[in-house]
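Take my numbering: the final residue in the sequence shown is number 362, and no numbers are missing along the way.
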Amino acid sequence: MRHLVSTRELTRDEAIGILDVAEDMAGVAHREMKKLPTLRGKTVVNLFFEDSTRTRMSFEAAAKRLSADVINFSAKGSSVSKGESLKDTAQTLAAMGADGVVIRHSASGAPQTLARSGWIDAGVVSAGDGTHEHPTQALLDAFTMRRRVHGAAARGKGLDGLTVTIVGDILHSRVARSNLWLLTTLGASVRFVAPASLVPIGVESWPVEIGYDLDAAIEDGPDVVMMLRVQAERMHAAFFPNAREYAREWGLDDERAARLPAGTIVMHPGPMNRGLEISAAAADSPRSTVLEQVTNGVAVRMAVLYLVLSGEREVRS
Ligand code: CP
Numbered sequence: 046m047r048h049l050v051s052t053r054e055l056t057r058d059e060a061i062g063i064l065d066v067a068e069d070m071a072g073v074a075h076r077e078m079k080k081l082p083t084l085r086g087k088t089v090v091n092l093f094f095e096d097s098t099r100t101r102m103s104f105e106a107a108a109k110r111l112s113a114d115v116i117n118f119s120a121k122g123s124s125v126s127k128g129e130s131l132k133d134t135a136q137t138l139a140a141m142g143a144d145g146v147v148i149r150h151s152a153s154g155a156p157q158t159l160a161r162s163g164w165i166d167a168g169v170v171s172a173g174d175g176t177h178e179h180p181t182q183a184l185l186d187a188f189t190m191r192r193r194v195h196g197a198a199a200r201g202k203g204l205d206g207l208t209v210t211i212v213g214d215i216l217h218s219r220v221a222r223s224n225l226w227l228l229t230t231l232g233a234s235v236r237f238v239a240p241a242s243l244v245p246i247g248v249e250s251w252p253v254e255i256g257y258d259l260d261a262a263i264e265d266g267p268d269v270v271m272m273l274r275v276q277a278e279r280m281h282a283a284f285f286p287n288a289r290e291y292a293r294e295w296g297l298d299d300e301r302a303a304r305l306p307a308g309t310i311v312m313h314p315g316p317m318n319r320g321l322e323i324s325a326a327a328a329d330s331p332r333s334t335v336l337e338q339v340t341n342g343v344a345v346r347m348a349v350l351y352l353v354l355s356g357e358r359e360v361r362s
């Protein structure tokens, strides 16, 4: 049984392989070509224990563009409210027929547990777990960067020499973690910039430079600035600089955005807190790739579903 629950264990060749398949899927994902019959007869279950707009919808779109059937499960309104466990919930849905399960859960490690437990006989794809990982978000971010750097000649290439500054609530960000592992595997250099209270313990042992001053980081002219959502729902009050202080010190406001070099792109995984970590003008500017990331997410998730469900390629056991 094969799964994708982390970017940390992907080799460079595996990561480039996924991005290349996503390039092959892009025409269908972007609706320039008709949907493919590749996963006809397969069923994908979207098992979401946490809210989502982009990830759940794009996995659904990706599965349908590969002709798979889709069953959507949301914990809200389900028997989870009666205390049903992850194991029983997953086995109940698998009993209806599931070749692949896409899972988002607030507990870090839930996708790994599902993948390794043997509870279900289906490929497991993480759609984000707690503060741990969000592998398909990192893959779509890398896909977006690679296209910006290499254009139509992106196939087979990594992100060697690219400088990426990831800013904000690193402590709670599964996006930051998955991006760090994937981007460094692909040859990029990553810097985290954050308030000291939002830097995870143990980060010193990770392959990342840490900074606390966004203005100094902008002076260095990174190729990519990735702003993170302030995750107020996971925030202990003591950790959070007040909103005005946060926006002043760590927000990408209009003035900071204007100081970025012409070629620097601004990324955000969404959903955005406009006026807090990013100004409306920066989010909507020509250098912003926010909607391009969403569009690319369908191609990347088509690639992941294809690789996990078709058995054509070993992604991660
Ligand atoms: N980026 C992301 O995971 O967005 P959603 O929470 O809307 O899926």
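We put the CB at the ideal spot given by N, CA and C, even for glycine.
Excluding sequence positions up to five before and after V343, its CB lies within less than 6 angstroms of the CB of A74, S103, A106 and A107, all in the same chain and listed in chain order.
Contact annotation: T134 and V147 have beta-carbon atoms that are not nearer than 9 angstroms. Close CB contacts of A199 within its chain, under the 7 angstroms cut and outside five residues either way in sequence, are with E68, R191 and R192 (chain order). Within the model, the alpha-carbon separation for V253 versus F237 is close to 7 angstroms. In the DSSP assignment, I255 falls within the unbroken beta strand (DSSP E) covering E254 to G256. If you look at F237, you'll find it in the beta strand (DSSP E) that goes S234 to V238.
When M271, T230 and A288 are compared, the shortest CA-CA separation from T309 is found for M271. For F93, the enclosing beta strand (DSSP E) starts and ends at T88 to F93. Residue range D114 to S119 is occupied by the beta strand (DSSP E) that includes N117. In the structure shown, T52 adopts coil according to DSSP, grouped into three states. Sequence-distant Cβ neighbours of T340 in its own chain, meaning closer than 8 angstroms and more than five residues away, are A74 and H75. Bounds of the beta strand (DSSP E) holding V311 are I310 to M312.
Here the region 160-176 makes no contact with the region 256-264; the two share fewer than three CB pairs at distances below 8 angstroms.
By the CB criterion at 9 angstroms, D268 and V209 fall inside the cutoff.
With contacts defined as CB atoms closer than 9 angstroms, K87 and G145 qualify as a contacting pair. Counting C-beta pairs closer than 8 angstroms gives fewer than three between the region 224-238 and the region 274-282, which falls short of the contact rule.
Spanning the alpha carbons of V170 and E54 requires a straight line of approximately 14 angstroms. The C-beta of E322 has 16 or more other C-beta atoms within 10 Å across all chains shown, which makes the residue buried.
The Cβ atoms of G315 and R346 do not sit closer than 9 angstroms to each other. Taking the Cα positions, T158 is about 24 angstroms away from T98. For A328, the CB contacts under 7 angstroms within the same chain, skipping 5 residues up- and downstream, are H313, M317, R319 and V335 in chain order. Counting of Cβ neighbours within 10 angstroms places M70 among the buried residues, the total reaching 16 or more. Apart from the 5 residues on each side of it in sequence, A187 sits with its Cβ closer than 8 angstroms to the Cβ of A60, L64, L204, N224, L227, L228 and L231 in its chain, given in chain order. In chain order, the residues positioned with their C-beta nearer than 5 angstroms to some heavy atom of the ligand CP are S97, T98, R99, T100, P314 and G315.
Taking A307 as reference, the option from L49, P286, S330 and A288 with the minimal CA-CA separation is S330.
In the three-state reduction of the DSSP assignment, I215 falls in the coil class. With a 10 Å radius around the Cβ and a threshold of 16 neighbouring Cβ atoms, S324 comes out buried. Beyond the five residues adjoining it in sequence on each side, V248 comes within less than 8 angstroms, by CB distance, of I215, F237 and I255 in the same chain, given in chain order.
Straight-line measurement puts the Cα of R47 at about 16 angstroms from the Cα of G154. If you draw a straight line from the Cα of N287 to the Cα of E294, it comes to about 11 angstroms.
Boundaries of the beta strand (DSSP E) around M271: V269 to M272.
In the three-state reduction of the DSSP assignment, D298 falls in the coil class.
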